[in-house]
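*Asks:*
Number of protein chains: 4
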Amino acid sequence: MTETETRGGWLSREELRDARERLPIVYVEAVPVRVDDRGVVTQIGLLLRASAEGTVDRELVSGRVLYHERIRDALLRHIESDLGPLAMPRIPVSPQPFTIAEYFPTPGVTPFHDPRQHAVALAFVVPVLGDCSPQQDALDLAWLTPDEAAALAAVGDMSGGHGVLLRQALAHVGHPV
Amino acid sequence: MTETETRGGWLSREELRDARERLPIVYVEAVPVRVDDRGVVTQIGLLLRASAEGTVDRELVSGRVLYHERIRDALLRHIESDLGPLAMPRIPVSPQPFTIAEYFPTPGVTPFHDPRQHAVALAFVVPVLGDCSPQQDALDLAWLTPDEAAALAAVGDMSGGHGVLLRQALAHVGHPV
Amino acid sequence: MTETETRGGWLSREELRDARERLPIVYVEAVPVRVDDRGVVTQIGLLLRASAEGTVDRELVSGRVLYHERIRDALLRHIESDLGPLAMPRIPVSPQPFTIAEYFPTPGVTPFHDPRQHAVALAFVVPVLGDCSPQQDALDLAWLTPDEAAALAAVGDMSGGHGVLLRQALAHVGHPV
Amino acid sequence: MTETETRGGWLSREELRDARERLPIVYVEAVPVRVDDRGVVTQIGLLLRASAEGTVDRELVSGRVLYHERIRDALLRHIESDLGPLAMPRIPVSPQPFTIAEYFPTPGVTPFHDPRQHAVALAFVVPVLGDCSPQQDALDLAWLTPDEAAALAAVGDMSGGHGVLLRQALAHVGHPV
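Here it is as structure tokens:
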């Protein structure tokens, strides 16, 4: 999960760090997809980001929900922040996420891990119709077929459990995993 | 549920009538909606149809799944057949329906009733982006706000349980019912 | 939502009040139900609580998720805390909630309102099999039929939007609302 | 999918064969699981059946919905028919399946294949609390851990796509696949 959004948030860096040691933090996560006319997922978008360790991470769209921000507004904000203002995401009509990913600071409690915090992430598959270009600190945006994405996610190359979440998303849209 | 689609199906009228007395029939139902950029439902589309009894019924999009037809293809076909070829529906990415409506030929078994058959209907909320115009035997297509639709559906004016299904759809998208 | 659970939490009362003015707080909400052998909901459990204003509120089970606590553990804890240690709840196998209720401190942003905080509540329908008895500050636990519960919820008597959530739960289990 | 249930159905063998060449047939499928107090899946039940080709197939619970039968009644009937009358299944409270598996007579249209028919299967994860013993033509009932089941399902040893469905069920309950 990227941290840049907190700069525009309601907490100073210190206060947020403090809260993160005390409270679960609400996140949204989006699996950006391209679909055909019949709603079949044809491609999955993955962000490539340089990690602190110098490796390249493949990531989903992810970020914090701010105080007094609606889930759907947070989804829209993070998708546009990561994929650009022309991405034209189709935000889901229902607030029902396909799953809840629970990121724990302690590895092994769940398949999801975030050393910085306990995050409760509401996960959605979000079709994007427009032009996408990686923003901010992302190096690139790669579009993979569902089969390629399923294979990549299985290798365990995606940090923090994003590979697990990606495969759960593929299962949810009916793709074999 | 309209019957016109069976003319293009794989069974003669007699054979279909026969099967309907013996087997549950697979249906899809779509609640057509207009949404804003954040996925909030702003309008619900209802078809106005003259019933056999001379009254005007308000209906959702509904129809049979044909042999060897995928659910998403049936959804697309019935939406275009009812709302016109320019409706531009966003067929859901996941095959998970928001509910299953079980129409029984005997009233009172479930909230759903169809005197002609036992139908198992997979129900989806489907945003439509394009121009919609009522097709075939529909008199008109009315766009209502969620509040108007909820009120109309509560009156019990919609035949066969479509009012119940409409209100379940509104609950699913987070609207108070 | 009751506040008693915070006494055993990880924050002092002052710290929690502080966080509540800055961050959305993660909640779980459970609609406790009795079911028959076929999974049909036969009764819904509502807590009766004396409000600060001296009226009696009807409430669902609801409470905060603690730091480093799993969603399913929070559900179990709050149900046992409200309905007693013999309630024997069937915690859902899937982390997918039937909806997300967004409680805002400002009325009217969503159908849900909590003057104390911005809460993001993951909502589940939870069958309870054992003996239930109201705990703590609850005056009583009332079991209503789905029809009675739907009627009560419609009157708008349940505080903060619990009536809306109850009706969304009934819609989710296939009951007409 | 086993066929024995059709003997007690409303169609003769010939009539059912006939309908199967013309209409999609409604099925229910259940992934039987053992859960702990917190709803975590600890074991998955798989039926071992001798196939016509002399091999042993691992299968989920699966069967046809009869005319005038409710989905939840069909689920209960097939689970008791396959796992015995003491299985004590917790039939889900909501009619919303976790997915729809579309079995086509032509391989490759979807991940699911049934040479006999086009079946539309509503899939549910169903905890069973009681004693289970394989019935009818099943040789055995094996209880696997989620990890064992995920591994077995990945090998492609389960016929007709039941391996895909099993992994989709595991993803739905939050297990890595």
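Protein chains in written order, with my numbering: chain F, 1125 to 1301; chain X, 1125 to 1301; chain Y, 1125 to 1301; chain P, 1125 to 1301. Every residue gets a Cβ at the ideal spot worked out from N, C-alpha and C, and that includes glycine. If you're wondering where the values come from, they're calculated on a predicted model, not measured in any experiment.
(1) Using the Cα positions of Thr-1126(Y) and Val-1279(X), report the straight-line distance between them to the nearest angstrom.
(2) In terms of residues, what are the limits of the alpha helix (DSSP H) holding Ala-1266(X)?
(3) Note down, in chain order, all residues in the segment 1177-1198 of chain X with a beta-carbon under 9 Å from any beta-carbon belonging to chain F.
(4) Taking only the alpha-carbon atoms, compute the straight-line gap between Arg-1240(F) and Ala-1176(F) and give it to the nearest angstrom.
(5) Quick one: what's Ser-1186(F) bridged to in DSSP?
(6) Provide the residue(s) that pair with Gln-1167(Y) in DSSP beta bridges, ordered along the chain.
(7) Going by DSSP in three states, Ile-1203(P) sits in which element: helix, strand or coil?
(8) Output, in sequence order along the chain, the residues in the segment 1139-1166 of chain Y whose CB is closer than 8 Å to any CB in chain F.
(9) Bridge partners for Asp-1181(F) per DSSP, in chain order?
(10) Tell me, which residues are paired with Leu-1246(F) by DSSP?
(11) Taking Cβ-Cβ distances below 9 Å as the criterion, which residues of the segment 1223-1237 of chain X are in contact with chain P?
(12) Please state the DSSP three-state secondary structure of His-1237(P).
(13) Do Leu-1265(F) and Val-1165(F) have their beta-carbon atoms positioned less than 9 Å apart in this structure?
(14) For Glu-1129(F), count the other beta carbons within 10 Å of its own beta carbon; 16 or more makes it buried, fewer makes it exposed. Which is it?
(15) Taking a contact to mean a Cβ-Cβ separation below 9 Å, would you say Arg-1188(P) touches Pro-1219(P) in this structure?
(16) In three-state DSSP terms, what is Val-1288(P)?
(17) Name the chain P residues that come within less than 8 Å of Ser-1218(Y), Cβ to Cβ?
(18) At 7 Å on the CB atoms, spell out the chain F contacts of His-1242(Y), in chain order.
(19) In terms of residues, what are the limits of the alpha helix (DSSP H) holding Glu-1139(Y)?
(20) Using the C-alpha atoms, what's the distance from Thr-1269(X) back to Pro-1229(F)?
(21) Let me check you understand the geometry: is the CB of Arg-1194(P) closer than 8 Å to at least one non-hydrogen atom of the ligand FAD?
(22) Drop a sphere of 10 angstroms on the beta-carbon of Glu-1138(Y), count the other beta-carbons inside from all chains shown, and report buried for 16 or more, exposed for fewer.
(23) When you compare only the Cα positions, how much space is there between Val-1301(X) and Leu-1199(X)?
(24) Taking 9 Å as the CB-CB cut-off, is Leu-1097(Y) touching chain F?
(25) Using a Cβ-Cβ cut-off of 9 Å, state whether Arg-1214(F) counts as contacting chain X.
(26) Under 6 Å Cβ to Cβ from His-1296(Y), same chain only, skipping five residues before and after it: list those, please.
(27) Given a limit of 7 Å on CB to CB distance, which residues of the segment 1252-1285 of chain Y reach chain X?
(28) Which bits of chain C does Leu-1246(P) rub up against, with CB to CB less than 7 Å?
(29) Enumerate in chain order the residues of its own chain whose CB-to-CB distance from Glu-1153(F) is below 6 Å, with the five nearest sequence positions on each side excluded.
(30) With DSSP as the reference, label Val-1301(P) as helix, strand or coil.
(31) Determine whether the beta carbon atoms of Leu-1276(X) and Leu-1172(X) lie at a separation below 9 Å.
(32) Are Gly-1285(Y) and Tyr-1227(Y) closer than 9 Å when you measure CB to CB?
(33) When the Cα atoms are used, what is the spatial distance from Asp-1271(Y) to Val-1159(Y)?
(34) On the three-state DSSP scale, how would you describe Val-1217(Y)?
(35) According to DSSP, is Val-1279(F) part of a helix, a strand, or is it coil?
*Replies:* The short version:
(1) Model confidence at Thr-1126(Y) stands at a pLDDT of 40, short of 50, so the residue's coordinates are unreliable and nothing is read from them.
(2) Where Ala-1266(X) is concerned, there is no enclosing alpha helix (DSSP H), although the beta strand (DSSP E) it sits in stretches over 1262-1268.
(3) Arg-1194, Arg-1196, Asp-1197
(4) 14 Å
(5) Glu-1153(F)
(6) Arg-1158(Y)
(7) helix
(8) Glu-1139, Ala-1143, Glu-1145, Arg-1146, Leu-1147, Pro-1148, Ile-1149, Val-1150
(9) Arg-1173(F)
(10) Val-1152(F), Ile-1224(F)
(11) Thr-1223, Ile-1224, Ala-1225, Glu-1226, Phe-1228, Pro-1229, Thr-1230, Val-1233, Thr-1234
(12) strand
(13) no
(14) Low confidence applies to Glu-1129(F): its pLDDT is 40, below 50, so where it sits in the model is not reliable, and the reading given next is rough at best. With 16 or more Cβ atoms within 10 Å of its Cβ, Glu-1129(F) is classed as buried.
(15) no
(16) helix
(17) Phe-1222, Val-1249, His-1296, Val-1297, Gly-1298
(18) Tyr-1191, His-1192
(19) 1137-1144
(20) 44 Å
(21) The model on display carries no ligand, and the ligand FAD is accordingly not part of it.
(22) exposed
(23) 25 Å
(24) Chain Y is shown from 1125 up to 1301; residue 1097(Y) falls before or after that span and cannot be answered.
(25) yes
(26) Phe-1222
(27) none
(28) Chain labels in this structure do not include chain C; the protein chains are F, X, Y and P.
(29) Leu-1184, Ser-1186, Ala-1245, Ala-1247
(30) coil
(31) no
(32) yes
(33) 14 Å
(34) coil
(35) helix
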